[in-house]
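So the sequence shown is numbered by the UniProt record's numbering: it starts at 1 and just counts up by one. Note that the Cβ used here is the ideal one computed from N, Cα and C, for glycine as well. Computed from a predicted structure; not experimentally measured. Each remark here refers to the structure printed beneath this line.
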Amino acid sequence: MAVTSRDVARLAGVSQPTVSRALRDDPRVSEDTKKRVRDAAVLLGYVPSEAGRALSSGRTRRIGLLVTDLKNQFYSNIIAPVHDELEGIGYQLMLHTETADNETVAERLIANGLDGVILATTTVDSVAPLRLRDRSLPFVYFNRTAAYVDADATVVAPSRGLSEAVTRAVELGHRRIGAVLGPSNTSTAQSRELALRAALAEHGLVLEPDTVRRGPYDTASGDAATTELLAMPAPPTLIFCGNDVVAYGALNAARRAGFDVPRDVSVVGFDDLPPAAWPIIELTTIAYDLSGMAREAARLMARRIEEPDAPLAHVEYETSFVERRTLAAAASR
């Protein structure tokens, strides 16, 4: 006969609900009681049933992470810290991928029996947060936020890092500056563009319309946009990119067009993903604690599930400028 939680309770001298709480590390249970319960479970060979936990608590202990493209290096660098943080507090990570953030996405998330969702793909005009709110499925914004529904969020504050980058660029003689920005319907693209324009204005500079391109946060977008910018009669001497992945595309385009980086054109990214520091790339970029931000999103998600009436938390991560090989003195043309 299979060992049950009642058997563990009898051996440990506690109630059955206490066994459940102790095995999920509930802070309301003393450490001494947790030890007695765990020792009893090991002695009896008891393995908790996830299905049983869900039935008794009304929770599955599963949290979804919604991303757009598993091949995109940005997302691959947040999955591990979210997983590790959730696992450490007794939750399972369920990865969901979609190419669009719409009503269908929300319904699929709701149908998967999740306790909550970390949204990493939100657009400012997305209806998914509305649908999740209306169906009472808790969620947290990671990196991007939507306009219609306020919620817990971890976001980047781009101003300081971009201000430091522009100041350094001006010192190096850059005056004609281009930008390959992210999608205009994302909060990240909007905030980074505003911060970049404000930093340039401090030095009497502007982003001219002909030197600005917008597109997805992917390598192909950076490649195509930079190809266009470098084909101009008077190309920019420096290109700011919406993120590092876009910047990798910009570097590819420059190489293909016969432009030396940084002698002929400089490139600056955003995110400081691990490959940015590789000797073969050495990308100048804007850095922040991406792993810490992902872990905080996981903590906020668990908090929202366990304390549904807690005040909303908006956690901003400060940025800094990291200078590497792809930035040098402006080319004289």
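As assigned by DSSP and simplified to three states, the class of valine 149: As a position in the sequence shown, residue 149 is number 149, starting the count at 1. Reduced to three states, the DSSP call for valine 149 is coil.
Assigned exposure category for residue 397 - 16 Cβ within 10 Å defines buried: No information on residue 397 is available, as it lies outside the stretch 1 to 333 that the chain covers here.
Valine 206 vs threonine 237 beta-carbon contact at 8 Å: Taking the first residue of the sequence shown as 1, we reach residue 206 at position 206. Taking the first residue of the sequence shown as 1, we reach residue 237 at position 237. Not closer than 8 Å, so no.
Nearest candidate by alpha-carbon position, reference isoleucine 177, set Asp150, Ala199, Pro129 and Tyr317: In the sequence shown, counting from the first residue as 1, residue 177 sits at position 177. Closest by alpha carbon: Ala199.
Check whether valine 246 and leucine 327 have beta carbons under 8 Å apart: Walking along the sequence shown from the start, residue 246 turns up at place 246. Walking along the sequence shown from the start, residue 327 turns up at place 327. No, the Cβ-Cβ distance between valine 246 and leucine 327 is not below 8 Å.
Cβ contact check for the stretch 117-130 and the stretch 62-70: 3 or more pairs under 8 Å: yes
Span separating the alpha-carbon of proline 233 from that of serine 76: For this step, residue 233 is matched to residue 233 along the sequence shown. For this step, residue 76 is matched to residue 76 along the sequence shown. Approximately 38 Å between the Cα atoms of the pair.
Residue range of the beta strand (DSSP E) that includes methionine 94: The sequence position of residue 94 within the sequence shown is 94, counting from 1. That run of the beta strand (DSSP E) goes 92-97.
Identity of the residue in Pro235, Leu93, Ala250 and Glu208 nearest alanine 225 by Cα: If you number the sequence shown from 1, residue 225 lands on position 225. Ranking the options by Cα distance to alanine 225, first place goes to Ala250.
Proximity to tyrosine 148 [Cα-Cα], best of Arg133, Gly161 and Ala157: On the sequence shown, position 148 is the one that residue 148 refers to. Residue Arg133 is the option with its Cα nearest to tyrosine 148.
Range of the contiguous alpha helix (DSSP H) that encloses residue 343: Nothing in the structure corresponds to residue 343, since the chain is present only between 1 and 333.
Buried versus exposed, by CB contacts within 10 Å (16 or more), leucine 55: Locating residue 55 in the sequence shown gives position 55, counting from the first residue. Residue placement at leucine 55 cannot be trusted, given a pLDDT of 42 that sits under 50; the coordinates are not used to answer.
Euclidean distance between Cα positions of alanine 302 and serine 187: Indexing the sequence shown from 1 puts residue 302 at position 302. Indexing the sequence shown from 1 puts residue 187 at position 187. Using only the alpha carbons, I get a separation of about 24 Å.
Three-state class that DSSP yields for phenylalanine 74 in the structure shown: Within the sequence shown, numbered from 1, the residue matching residue 74 stands at position 74. Reduced to three states, the DSSP call for phenylalanine 74 is helix.
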